[in-house]
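First residue of the sequence shown? That's 71 in our numbering, and the numbers climb one at a time after it. No residue lacks a Cβ here, since even glycine has one placed at the ideal position from N, Cα and C. It should be emphasised that the depicted structure is a prediction, and the values quoted were computed from it without experimental measurement.
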Amino acid sequence: MNSQIETIRKNRARVLEQLAGLDTAQFNEIPEGVSNNIAWNLGHLVAVQQGVCYKKAGLPTTINDDFWRKFAPGSKPGEVIGADEIAYIKELLFITLDQLDDDYNKQIFDNYAAWITRLGDKLTCIDDALKFLVFHEALHARAIIAIKILVVNR
Numbered sequence: 071m072n073s074q075i076e077t078i079r080k081n082r083a084r085v086l087e088q089l090a091g092l093d094t095a096q097f098n099e100i101p102e103g104v105s106n107n108i109a110w111n112l113g114h115l116v117a118v119q120q121g122v123c124y125k126k127a128g129l130p131t132t133i134n135d136d137f138w139r140k141f142a143p144g145s146k147p148g149e150v151i152g153a154d155e156i157a158y159i160k161e162l163l164f165i166t167l168d169q170l171d172d173d174y175n176k177q178i179f180d181n182y183a184a185w186i187t188r189l190g191d192k193l194t195c196i197d198d199a200l201k202f203l204v205f206h207e208a209l210h211a212r213a214i215i216a217i218k219i220l221v222v223n224r
């Protein structure tokens, strides 16, 4: 297994452990002064991983276009996300990593298109993308835990 993918997997597992016991309303609550919620952040992790790895390589994604639009960079939480969809997003957190690891080992990312992130990082290959994703995942993990603290302690 690729070490960056394993780091992402462990990070996602830790985040979900921290969210155990929250209800659907807490996953959807947007605290004052915050622009999104826990559910959106989890979906965003999946969408960005699919976009950064697959879309940038011209490959089909595991997620559909509706999921992409709902959680893509620049999107905002819309309608309430129900318990079934939250459970589905939690599954996708690991299904998409399993697929990514398999596809990485198959070396299917040969046509990766170089691009520059909003932070100014130039990504030229899948390995660059995976390094960026570790950073991105950590940012959102911190945001998710901060939102959790706000919704639990209100």
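CB of residue i within 8 Å of CB of residue j, strictly
i           : j           : result
residue 202 : residue 150 : no
residue 166 : residue 194 : no
residue 72  : residue 127 : no
residue 29  : residue 102 : The structure shown has nothing for residue 29, since the chain only spans 71 to 224.
residue 110 : residue 141 : yes
residue 79  : residue 164 : yes
residue 217 : residue 88  : no
residue 160 : residue 112 : yes
Residue from the options with nearest C-alpha to residue i
i           : options               : result
residue 49  : 200, 224 and 91       : The structure shown does not extend to residue 49, since the chain spans only 71 to 224, so no value can be given for it.
residue 197 : 178, 190, 209 and 210 : 178
residue 116 : 217, 210 and 183      : 210
residue 230 : 152, 120 and 168      : Residue 230 lies beyond the residue range present for the chain, which begins at 71 and ends at 224; the question has no answer from this structure.
residue 174 : 120, 188, 145 and 152 : 120
residue 152 : 97, 224 and 74        : 97
Alpha-carbon to alpha-carbon, residue j and residue i
i           : j           : result
residue 207 : residue 95  : 23 Å
residue 192 : residue 183 : 11 Å
residue 104 : residue 86  : 20 Å
residue 146 : residue 158 : 19 Å
residue 212 : residue 135 : 27 Å
residue 162 : residue 137 : 11 Å
Residue i, buried or exposed, once every other Cβ within 10 Å from all chains shown has been counted against 16
i           : result
residue 189 : exposed
residue 219 : exposed
residue 82  : buried
residue 107 : buried
Counting only runs that start and end within the region 81-155, where is the alpha helix (DSSP H) found for 4 or more residues in a row? 94-98, 108-123 and 135-141
I'd like the ranges of any beta strand (DSSP E) spanning at least 3 consecutive residues and lying wholly in the region 147-199. none
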